[in-house]
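Note sheet for the following structure.
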Amino acid sequence: MENIISLRNIVVEFDGEQILKNIDLDIKDKEFVTLLGPSGCGKTTTLRIIGGFLTPNSGDVMLEGKRINDLPPHKRDVNTVFQRYALFPHLNVYENIAFGLRIKKLPEKEIQKRVGEMLELVNLRGFEKRTIHRLSGGQQQRVAIARALVNRPKILLLDEPLGALDLKLRKEMQIELRKIQQALELTFVYVTHDQEEALTMSDTVVVMNNGHVQQIGSPTDIYNEPVNAFVADFIGESNILNGSMPRDCLVEFCGKQFECVDKGFSPNETIDVVIRPEDIKVISAADAKLTGIVESVVFKGVHYEMIVDGVDHKWMIQSTKAEEVGSMIGMTFDPYDIHIMKKAKEED
(Lines of atoms letter the chains of each structure in order from A and count residues from 1; the text may use other names and numbers.)
(Lines give C-alpha, C1' and ligand atoms only; values in the text may rest on other atoms or scores of the structure.)
Protein backbone atom coordinates (compact mmCIF):
# COMPACT_ATOMS: atom_id res chain seq x y z
CA MET A 1 0.00 0.00 0.00
CA GLU A 2 1.12 3.54 -0.77
CA ASN A 3 1.60 6.19 1.90
CA ILE A 4 -1.37 8.55 1.96
CA ILE A 5 -0.05 10.78 4.78
CA SER A 6 3.58 11.45 5.64
CA LEU A 7 4.84 13.68 8.45
CA ARG A 8 8.47 14.74 8.22
CA ASN A 9 10.40 16.32 11.11
CA ILE A 10 7.26 17.89 12.56
CA VAL A 11 7.91 20.31 15.43
CA VAL A 12 5.10 22.05 17.30
CA GLU A 13 5.71 24.57 20.08
CA PHE A 14 3.26 26.22 22.48
CA ASP A 15 4.54 29.05 24.71
CA GLY A 16 8.14 28.02 24.09
CA GLU A 17 7.53 24.35 24.99
CA GLN A 18 7.96 21.67 22.34
CA ILE A 19 4.82 19.50 22.13
CA LEU A 20 5.97 17.51 19.11
CA LYS A 21 9.68 16.87 18.72
CA ASN A 22 10.72 16.00 15.15
CA ILE A 23 7.88 13.55 14.50
CA ASP A 24 8.27 11.26 11.47
CA LEU A 25 5.27 9.14 10.55
CA ASP A 26 3.93 7.37 7.45
CA ILE A 27 0.28 6.32 7.21
CA LYS A 28 -0.68 3.93 4.43
CA ASP A 29 -3.82 4.11 2.34
CA LYS A 30 -6.82 2.10 3.67
CA GLU A 31 -5.05 1.51 7.00
CA PHE A 32 -6.55 1.80 10.50
CA VAL A 33 -3.85 3.63 12.47
CA THR A 34 -4.16 4.43 16.17
CA LEU A 35 -2.12 7.11 17.94
CA LEU A 36 -1.80 5.81 21.49
CA GLY A 37 -0.28 7.39 24.56
CA PRO A 38 -0.93 9.09 27.89
CA SER A 39 -2.49 12.54 28.23
CA GLY A 40 -0.15 15.26 27.01
CA CYS A 41 1.98 12.97 24.84
CA GLY A 42 1.18 14.84 21.59
CA LYS A 43 -1.26 12.43 19.93
CA THR A 44 -4.15 14.90 19.52
CA THR A 45 -1.72 17.59 18.35
CA THR A 46 -0.51 15.14 15.68
CA LEU A 47 -4.11 14.54 14.61
CA ARG A 48 -4.76 18.29 14.41
CA ILE A 49 -1.67 18.73 12.25
CA ILE A 50 -3.02 16.11 9.78
CA GLY A 51 -6.46 17.75 9.82
CA GLY A 52 -5.08 21.24 9.20
CA PHE A 53 -6.31 22.71 12.48
CA LEU A 54 -2.71 23.43 13.49
CA THR A 55 0.32 24.47 11.44
CA PRO A 56 3.66 22.99 12.55
CA ASN A 57 6.49 25.33 13.51
CA SER A 58 8.72 23.30 11.21
CA GLY A 59 8.53 20.14 9.13
CA ASP A 60 6.37 18.94 6.24
CA VAL A 61 2.86 17.49 6.08
CA MET A 62 2.43 15.44 2.91
CA LEU A 63 -0.87 14.16 1.46
CA GLU A 64 -0.33 11.70 -1.38
CA GLY A 65 3.13 13.14 -1.93
CA LYS A 66 2.06 16.81 -1.99
CA ARG A 67 3.01 19.30 0.74
CA ILE A 68 -0.17 20.61 2.38
CA ASN A 69 1.14 22.65 5.35
CA ASP A 70 -0.72 25.76 4.19
CA LEU A 71 -3.89 24.02 2.98
CA PRO A 72 -6.88 24.85 5.26
CA PRO A 73 -8.98 22.01 6.75
CA HIS A 74 -11.94 22.43 4.35
CA LYS A 75 -9.65 22.01 1.34
CA ARG A 76 -8.08 18.79 2.59
CA ASP A 77 -9.69 15.48 1.65
CA VAL A 78 -9.95 14.78 5.38
CA ASN A 79 -12.86 14.81 7.84
CA THR A 80 -12.79 14.68 11.65
CA VAL A 81 -15.01 13.16 14.34
CA PHE A 82 -14.38 14.83 17.70
CA GLN A 83 -15.03 13.49 21.20
CA ARG A 84 -17.83 16.04 21.46
CA TYR A 85 -19.79 15.20 18.36
CA ALA A 86 -20.82 18.83 17.63
CA LEU A 87 -24.15 17.79 16.11
CA PHE A 88 -26.69 20.49 15.27
CA PRO A 89 -29.44 20.25 17.92
CA HIS A 90 -32.00 22.09 15.74
CA LEU A 91 -31.61 19.57 12.87
CA ASN A 92 -32.88 15.99 12.76
CA VAL A 93 -30.69 12.98 11.98
CA TYR A 94 -31.21 13.22 8.21
CA GLU A 95 -30.39 16.92 8.03
CA ASN A 96 -27.32 16.55 10.28
CA ILE A 97 -25.91 13.95 7.90
CA ALA A 98 -26.93 15.94 4.81
CA PHE A 99 -25.46 19.23 6.07
CA GLY A 100 -22.09 19.01 4.29
CA LEU A 101 -23.72 17.93 1.03
CA ARG A 102 -26.08 20.90 1.12
CA ILE A 103 -23.08 23.22 1.63
CA LYS A 104 -21.66 21.72 -1.59
CA LYS A 105 -25.04 22.36 -3.30
CA LEU A 106 -25.39 18.75 -4.49
CA PRO A 107 -28.67 17.80 -6.23
CA GLU A 108 -31.40 16.62 -3.83
CA LYS A 109 -31.50 13.19 -5.47
CA GLU A 110 -27.76 12.70 -4.84
CA ILE A 111 -28.18 13.89 -1.23
CA GLN A 112 -30.98 11.38 -0.64
CA LYS A 113 -28.87 8.58 -2.11
CA ARG A 114 -25.77 9.36 -0.05
CA VAL A 115 -27.61 9.97 3.22
CA GLY A 116 -29.49 6.69 2.72
CA GLU A 117 -26.21 4.84 2.21
CA MET A 118 -24.79 6.33 5.41
CA LEU A 119 -27.92 5.53 7.46
CA GLU A 120 -27.61 1.93 6.30
CA LEU A 121 -23.90 1.83 7.07
CA VAL A 122 -24.29 3.05 10.67
CA ASN A 123 -27.50 1.09 11.36
CA LEU A 124 -29.75 4.13 11.76
CA ARG A 125 -32.27 3.41 9.03
CA GLY A 126 -35.65 4.60 10.36
CA PHE A 127 -34.10 7.32 12.55
CA GLU A 128 -34.12 9.99 9.83
CA LYS A 129 -36.65 12.29 11.52
CA ARG A 130 -35.44 11.69 15.08
CA THR A 131 -34.15 14.82 16.82
CA ILE A 132 -30.64 14.73 18.28
CA HIS A 133 -31.73 15.06 21.93
CA ARG A 134 -33.81 11.88 21.53
CA LEU A 135 -30.76 9.80 20.60
CA SER A 136 -28.51 7.78 22.94
CA GLY A 137 -24.80 8.57 23.14
CA GLY A 138 -23.99 5.68 20.82
CA GLN A 139 -26.59 6.80 18.28
CA GLN A 140 -25.28 10.36 18.37
CA GLN A 141 -21.82 9.04 17.70
CA ARG A 142 -23.08 7.10 14.67
CA VAL A 143 -24.68 10.28 13.30
CA ALA A 144 -21.37 12.12 13.73
CA ILE A 145 -19.53 9.35 11.87
CA ALA A 146 -22.14 9.29 9.08
CA ARG A 147 -21.93 13.10 8.72
CA ALA A 148 -18.14 12.88 8.41
CA LEU A 149 -18.23 10.00 5.91
CA VAL A 150 -21.04 11.25 3.66
CA ASN A 151 -18.59 13.66 1.97
CA ARG A 152 -16.46 10.64 1.00
CA PRO A 153 -13.12 11.82 2.42
CA LYS A 154 -9.97 9.82 1.81
CA ILE A 155 -9.06 10.03 5.50
CA LEU A 156 -11.22 10.04 8.63
CA LEU A 157 -9.67 11.42 11.82
CA LEU A 158 -11.23 10.32 15.12
CA ASP A 159 -10.23 12.09 18.34
CA GLU A 160 -11.21 9.80 21.26
CA PRO A 161 -14.78 9.48 19.91
CA LEU A 162 -15.74 6.67 22.32
CA GLY A 163 -14.61 8.41 25.50
CA ALA A 164 -18.11 9.48 26.58
CA LEU A 165 -19.69 6.03 26.17
CA ASP A 166 -20.16 3.37 28.82
CA LEU A 167 -17.91 0.29 28.73
CA LYS A 168 -20.34 -2.11 27.01
CA LEU A 169 -21.31 0.39 24.33
CA ARG A 170 -17.69 1.38 23.83
CA LYS A 171 -16.73 -2.22 23.10
CA GLU A 172 -19.64 -2.58 20.67
CA MET A 173 -18.66 0.61 18.87
CA GLN A 174 -15.04 -0.54 18.57
CA ILE A 175 -16.25 -3.47 16.49
CA GLU A 176 -18.67 -1.25 14.51
CA LEU A 177 -15.96 1.28 13.66
CA ARG A 178 -13.62 -1.44 12.46
CA LYS A 179 -16.39 -2.90 10.25
CA ILE A 180 -17.15 0.53 8.78
CA GLN A 181 -13.49 1.17 8.03
CA GLN A 182 -13.10 -2.19 6.30
CA ALA A 183 -16.37 -1.86 4.38
CA LEU A 184 -15.46 1.58 2.99
CA GLU A 185 -11.72 0.83 2.60
CA LEU A 186 -10.84 4.26 3.99
CA THR A 187 -7.86 5.42 6.01
CA PHE A 188 -8.81 5.92 9.66
CA VAL A 189 -6.48 7.75 12.07
CA TYR A 190 -7.72 7.22 15.61
CA VAL A 191 -6.55 8.83 18.86
CA THR A 192 -6.95 7.10 22.23
CA HIS A 193 -5.22 6.58 25.58
CA ASP A 194 -6.98 3.20 25.95
CA GLN A 195 -4.54 0.36 25.24
CA GLU A 196 -7.22 -2.30 24.76
CA GLU A 197 -9.04 -0.09 22.27
CA ALA A 198 -5.85 0.38 20.24
CA LEU A 199 -5.01 -3.33 20.22
CA THR A 200 -8.58 -4.33 19.29
CA MET A 201 -9.14 -2.00 16.35
CA SER A 202 -5.87 -1.19 14.64
CA ASP A 203 -3.75 -2.39 11.76
CA THR A 204 -0.94 -0.21 13.09
CA VAL A 205 -0.38 1.31 16.53
CA VAL A 206 1.80 4.39 17.03
CA VAL A 207 2.85 4.65 20.68
CA MET A 208 3.74 8.19 21.73
CA ASN A 209 5.18 9.79 24.85
CA ASN A 210 6.55 13.24 25.63
CA GLY A 211 6.28 14.46 22.03
CA HIS A 212 8.17 11.48 20.58
CA VAL A 213 7.09 8.36 18.71
CA GLN A 214 8.24 5.46 20.87
CA GLN A 215 7.25 2.53 18.63
CA ILE A 216 5.26 1.82 15.47
CA GLY A 217 3.99 -1.68 14.72
CA SER A 218 1.11 -4.11 14.55
CA PRO A 219 -0.85 -4.70 17.77
CA THR A 220 0.85 -8.09 18.11
CA ASP A 221 4.34 -6.63 17.68
CA ILE A 222 3.66 -3.76 20.08
CA TYR A 223 2.41 -6.14 22.77
CA ASN A 224 4.86 -9.02 22.30
CA GLU A 225 7.99 -7.09 21.30
CA PRO A 226 8.02 -3.68 23.04
CA VAL A 227 11.13 -1.69 22.16
CA ASN A 228 11.55 -0.03 25.55
CA ALA A 229 10.31 -0.05 29.13
CA PHE A 230 7.78 2.74 28.51
CA VAL A 231 5.99 0.77 25.76
CA ALA A 232 6.10 -2.43 27.81
CA ASP A 233 4.63 -0.69 30.83
CA PHE A 234 2.01 1.27 28.91
CA ILE A 235 0.74 -1.64 26.79
CA GLY A 236 -0.75 -4.15 29.19
CA GLU A 237 0.74 -5.29 32.48
CA SER A 238 4.45 -6.07 32.73
CA ASN A 239 7.15 -7.12 35.14
CA ILE A 240 10.08 -4.81 34.33
CA LEU A 241 13.46 -5.55 35.88
CA ASN A 242 17.03 -4.33 35.62
CA GLY A 243 19.39 -6.87 34.13
CA SER A 244 22.52 -7.46 32.09
CA MET A 245 23.56 -9.60 29.13
CA PRO A 246 26.68 -11.66 29.94
CA ARG A 247 26.55 -12.77 26.29
CA ASP A 248 24.06 -13.24 23.47
CA CYS A 249 21.06 -15.41 24.44
CA LEU A 250 21.95 -15.27 28.15
CA VAL A 251 20.46 -12.74 30.54
CA GLU A 252 21.06 -12.13 34.24
CA PHE A 253 18.54 -10.59 36.64
CA CYS A 254 17.57 -11.14 40.27
CA GLY A 255 21.01 -12.70 40.76
CA LYS A 256 20.25 -15.60 38.38
CA GLN A 257 21.05 -16.37 34.77
CA PHE A 258 18.46 -17.44 32.19
CA GLU A 259 18.54 -18.45 28.55
CA CYS A 260 16.78 -16.02 26.20
CA VAL A 261 16.55 -15.51 22.45
CA ASP A 262 17.95 -11.98 22.15
CA LYS A 263 21.23 -11.09 20.43
CA GLY A 264 23.27 -8.03 19.51
CA PHE A 265 24.23 -6.75 22.96
CA SER A 266 27.67 -5.88 24.27
CA PRO A 267 29.13 -8.27 26.89
CA ASN A 268 27.57 -7.44 30.29
CA GLU A 269 25.53 -4.58 28.80
CA THR A 270 22.88 -3.32 31.23
CA ILE A 271 19.37 -3.77 29.89
CA ASP A 272 15.68 -3.80 30.83
CA VAL A 273 13.95 -7.16 31.13
CA VAL A 274 10.20 -7.47 30.50
CA ILE A 275 8.15 -10.56 31.41
CA ARG A 276 4.40 -10.48 30.95
CA PRO A 277 2.34 -11.70 33.96
CA GLU A 278 0.52 -14.30 31.87
CA ASP A 279 3.82 -15.86 30.74
CA ILE A 280 4.95 -16.80 34.26
CA LYS A 281 4.29 -20.39 35.29
CA VAL A 282 3.94 -21.32 38.97
CA ILE A 283 5.98 -24.38 40.01
CA SER A 284 7.30 -25.90 43.21
CA ALA A 285 9.69 -23.59 45.04
CA ALA A 286 12.14 -26.47 45.36
CA ASP A 287 12.41 -26.71 41.56
CA ALA A 288 12.71 -23.00 40.78
CA LYS A 289 15.52 -20.49 40.33
CA LEU A 290 13.13 -17.74 41.42
CA THR A 291 10.86 -17.98 44.44
CA GLY A 292 8.57 -15.65 46.35
CA ILE A 293 5.78 -15.33 48.91
CA VAL A 294 2.23 -14.78 47.61
CA GLU A 295 1.12 -11.42 49.02
CA SER A 296 -2.30 -11.05 47.44
CA VAL A 297 -4.74 -12.80 45.11
CA VAL A 298 -7.48 -10.96 43.19
CA PHE A 299 -10.05 -12.66 40.94
CA LYS A 300 -10.29 -10.77 37.62
CA GLY A 301 -13.00 -12.83 35.91
CA VAL A 302 -10.88 -14.78 33.40
CA HIS A 303 -7.84 -15.20 35.64
CA TYR A 304 -6.42 -14.60 39.11
CA GLU A 305 -3.93 -11.78 39.56
CA MET A 306 -1.31 -12.52 42.20
CA ILE A 307 1.38 -10.26 43.67
CA VAL A 308 4.39 -12.28 44.72
CA ASP A 309 7.17 -10.84 46.89
CA GLY A 310 10.51 -12.09 45.58
CA VAL A 311 13.88 -11.24 47.01
CA ASP A 312 14.62 -8.47 44.50
CA HIS A 313 11.27 -7.78 42.86
CA LYS A 314 7.51 -7.82 43.44
CA TRP A 315 6.11 -9.98 40.70
CA MET A 316 2.67 -9.86 39.11
CA ILE A 317 1.40 -13.25 37.92
CA GLN A 318 -1.83 -13.93 36.02
CA SER A 319 -3.05 -17.52 36.26
CA THR A 320 -6.28 -19.52 36.03
CA LYS A 321 -5.29 -21.18 39.33
CA ALA A 322 -5.01 -19.23 42.57
CA GLU A 323 -2.23 -19.89 45.08
CA GLU A 324 -2.71 -19.41 48.81
CA VAL A 325 -1.73 -16.05 50.31
CA GLY A 326 1.40 -16.54 52.39
CA SER A 327 2.57 -19.63 50.50
CA MET A 328 6.04 -19.92 48.98
CA ILE A 329 5.97 -20.58 45.22
CA GLY A 330 8.45 -20.99 42.41
CA MET A 331 8.30 -19.10 39.12
CA THR A 332 9.54 -20.08 35.68
CA PHE A 333 9.15 -18.94 32.06
CA ASP A 334 10.35 -19.95 28.61
CA PRO A 335 13.32 -18.24 26.90
CA TYR A 336 11.05 -16.58 24.30
CA ASP A 337 8.90 -15.08 27.09
CA ILE A 338 11.86 -12.99 28.29
CA HIS A 339 11.92 -9.70 26.37
CA ILE A 340 15.23 -7.82 26.42
CA MET A 341 15.38 -4.11 25.68
CA LYS A 342 18.19 -1.62 25.54
CA LYS A 343 18.11 1.03 28.24
CA ALA A 344 16.28 4.13 27.06
CA LYS A 345 18.43 7.19 26.48
CA GLU A 346 17.41 10.38 28.22
CA GLU A 347 15.46 12.60 25.83
CA ASP A 348 15.39 16.38 25.80
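This note's numbering numbers the first residue of the sequence shown as 34 and each following residue consecutively. Using N, Cα and C, we set each Cβ at its ideal position, and we do this for glycine too. The structure presented is a predicted model; accordingly, all values stated were derived computationally and were not measured.
Which class does residue i belong to by DSSP, given the choice of helix, strand or coil?
i: Y127; result: helix
i: I313; result: coil
i: L195; result: coil
i: D62; result: coil
i: G244; result: coil
i: K289; result: strand
i: G250; result: strand
i: Y118; result: coil
i: K137; result: coil
i: F267; result: helix
i: F386; result: Outside the shown range of the chain (34 to 381) lies residue 386, about which nothing can therefore be said.
i: T365; result: strand
i: D320; result: helix
i: R175; result: helix
i: I255; result: helix
On a Cα-Cα basis, can you pick out the residue from the options that is closest to residue i?
i: L69; options: I249, R117, V126, F160; result: I249
i: H245; options: D48, D57, I38; result: D57
i: Q247; options: D236, A262, I82; result: A262
i: I268; options: P71, M339, Q174; result: P71
i: D62; options: Q214, G196, L139, A265; result: Q214
i: E186; options: R109, G196, L195; result: Just to set this straight, residue 186 is Pro in the shown sequence, not Glu. That would be R109, whose Cα lies nearest to the Cα of P186.
i: K76; options: R158, A318, T225, G159; result: T225
i: E97; options: Q145, E153, I83; result: I83
i: K184; options: F132, D254, S317; result: Per the sequence shown, residue 184 should be read as Asn rather than Lys. Ranking the options by Cα distance to N184, first place goes to F132.
i: D93; options: Q172, D236, S39; result: S39
i: D227; options: R81, Q172, T67, V155; result: T67
i: N272; options: R117, T237, G343; result: G343
i: P310; options: Q351, I340, H336; result: Q351
Kindly indicate the opening and closing residues of the alpha helix (DSSP H) around residue i.
i: V260; result: Segment: none, V260 is in no alpha helix (DSSP H) and carries neither H nor E.
i: T79; result: 76-84
i: I213; result: 200-217
i: I144; result: 141-154
i: L232; result: 228-234
i: I165; result: Element bounds for I165: n/a, residue is neither H nor E.
One question on the structure: do residue i and residue j come within less than 8 Å of each other, judged by their Cβ atoms?
i: R41; j: M95; result: yes
i: I52; j: E46; result: yes
i: M151; j: E270; result: no
i: K322; j: K289; result: yes
i: F366; j: K314; result: yes
i: Y223; j: F121; result: no
i: L134; j: I144; result: yes
i: A318; j: G359; result: no
i: P89; j: V155; result: no
i: L274; j: V306; result: yes
i: P252; j: V238; result: yes
i: L210; j: M234; result: yes
i: F160; j: Q172; result: yes
i: G170; j: L198; result: yes
With residue i as the anchor, note down where its beta strand (DSSP E) starts and where it stops.
i: L274; result: 272-280
i: V330; result: 323-332
i: I43; result: 36-47
i: V224; result: 220-225
i: S352; result: 347-352
i: S91; result: 91-96
i: V183; result: Segment: none, V183 is in no beta strand (DSSP E) and carries neither H nor E.
i: G359; result: Neither: G359 is in no beta strand (DSSP E) and is coded neither H nor E.
i: V341; result: 337-343
i: K375; result: 372-375
*Any 3 or more C-beta pairs closer than 8 Å across the segment 346-356 and the segment 322-330*: They touch, by the three-pair rule.
Is it the case that the segment 356-374 contacts the segment 283-302, given that we only count it when at least three CB pairs across the two stretches are under 8 Å?
yes
Inset, instruction - Would you check if the segment 108-124 and the segment 190-201 touch, i.e. whether three or more CB-CB distances between them fall below 8 Å? - result: yes
| said: With three or more C-beta pairs closer than 8 Å as the rule, is the segment 264-282 touching the segment 298-314? | reply: In this structure the segment 298-314 lies against the segment 264-282, because at least three pairs of beta carbons, one per stretch, are closer than 8 Å.
Checklist entry - Given 8 Å as the limit, is there contact between the segment 192-207 and the segment 119-133, that is, 3 or more CB pairs closer than that? => result no
Cβ contact (3+ pairs, closer than 8 Å) linking the segment 170-185 and the segment 97-108 = no
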